[in-house]
Amino acid sequence: MEVGTQDMSILSLITEASPVVQVVMAILVLVSLLSWWRIFSKHFTISKAKKRTEEFEDRFWSGSDLNALYEQVRRGTPNGIERIFIAGFSEFLKLRQKGGMELSDTMEGTRRAMRAAYQRELDYLDKHTSFLASAGSVSPYVGLFGTVWGIMHAFRGLANVGQATLANVAPGIAEALVATAIGLFAAIPAVVAYNSFAHDVDQLASRFDSFIEEFSNILQRQAAR
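Numbering-wise, our numbering comes out as the position in the sequence shown, counting from 1, plus 1082.
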C-alpha cells in the first residue's frame, strides 16, 4: 500500500493499533474521564465552601449576637467554617454550664473542639484530590509504555518485510505516539486542577485557622467579664 493511500486519521490509528496499545489507550481514556468528573465535583465543593465562608464571615463580623447566630446556623445546613463555629460555641456553652472550671481549661476544650472540626473540614475538602495527583503523575508514563510497546511492535513487523521503508514503519509509530498523546491529555488537566485545588484549600485552611484564633479570643473576653 502506498503512503498516500494509508488512512492516518486518529480513529484509524486507534482501531488498528496492537491490542496492548489499545488496552493502554482505554485505561488512559477511563482515567481522563474519571479525572474530569473529579475536577467538576471538586470545583463545585470548593466553590461552595469559599462562598459559604465569605457569607458566614460577613454575618459573624457584622456584630450579630453569638447566641442568635449559633441558633441560626445550627438550624440550617452548616458547611465548612460554620461547622467549626458550631463545634466551638457548643463546647464553650457546655463547659461553661458545668461550672467550677478554670477559664484556661474552658478555652482549651473549646479550641480542641474547633481544631477537630477544622481537621474534618480539611479532610473533606482534600478528599479525592490525591486521585488527580496520581493521574497527573502516572498517566504520561502509562502512555509512554504504550508508545514503546507500539514502536517495538512496528519494528518487529519489519522483520517480515523485504525492504524497510517509511511507508512500512510510519503507521505503527503513529499508532504508538497516539498513546503518549492520550496520556498527556489525561495528565495535564489533572495536574492543573490539583494545583489549583491545593491552593484553594490552603487559602481556606488559613481562613479557618484565623477564625479559630479570633473566635477563641472573643469567647475568652466574653467569659472573663
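Backbone N, C-alpha and C define an ideal beta-carbon position, used for all residues, glycine too. These figures come from a predicted structure and were not determined experimentally.
query	result
Can you tell me where the alpha helix (DSSP H) with Pro1101 in it begins and where it stops?	1101 to 1142
In this structure, how does DSSP classify Gly1086 when only helix, strand and coil are distinguished?	In this prediction, Gly1086 has a pLDDT of 44, which is less than 50 and means its spatial position is unreliable; what the coordinates show is noted afterwards. Of the three classes helix, strand and coil, the one that applies to Gly1086 here is helix, per DSSP.
Just reading off the alpha helix (DSSP H) that Asp1187 is part of, what are its end residues?	1185 to 1208
Rounded to whole angstroms, what's the CA-CA distance from Val1102 to His1125? Just pull it up for me.	34 Å
Would you give the residue range spanned by the alpha helix (DSSP H) that Arg1162 belongs to?	Here residue 1162 is Gly; the residue named in the question, Arg, does not match the sequence. No alpha helix (DSSP H) holds Gly1162; DSSP gives it neither H nor E.
Should Phe1138 and Ile1168 be called a contact, given that it needs their Cβ atoms to be closer than 8 Å?	no
CA-CA distance, Ser1114 and Ile1121?	10 Å
Any contact of the region 1261 to 1269 with the region 1293 to 1300, i.e. 3+ C-beta pairs under 8 Å?	no
Taking the alpha-carbon positions, what's the Leu1301 to Ala1215 distance?	40 Å
Of the residues Asp1147, Leu1207, Val1106, which one's Cα is nearest the Cα of Ser1278?	Leu1207
Output the distance between the C-alpha atoms of Ala1268 and Gly1191, rounded to the nearest integer angstrom.	46 Å
Three-state secondary structure (DSSP) at Ser1288?	helix
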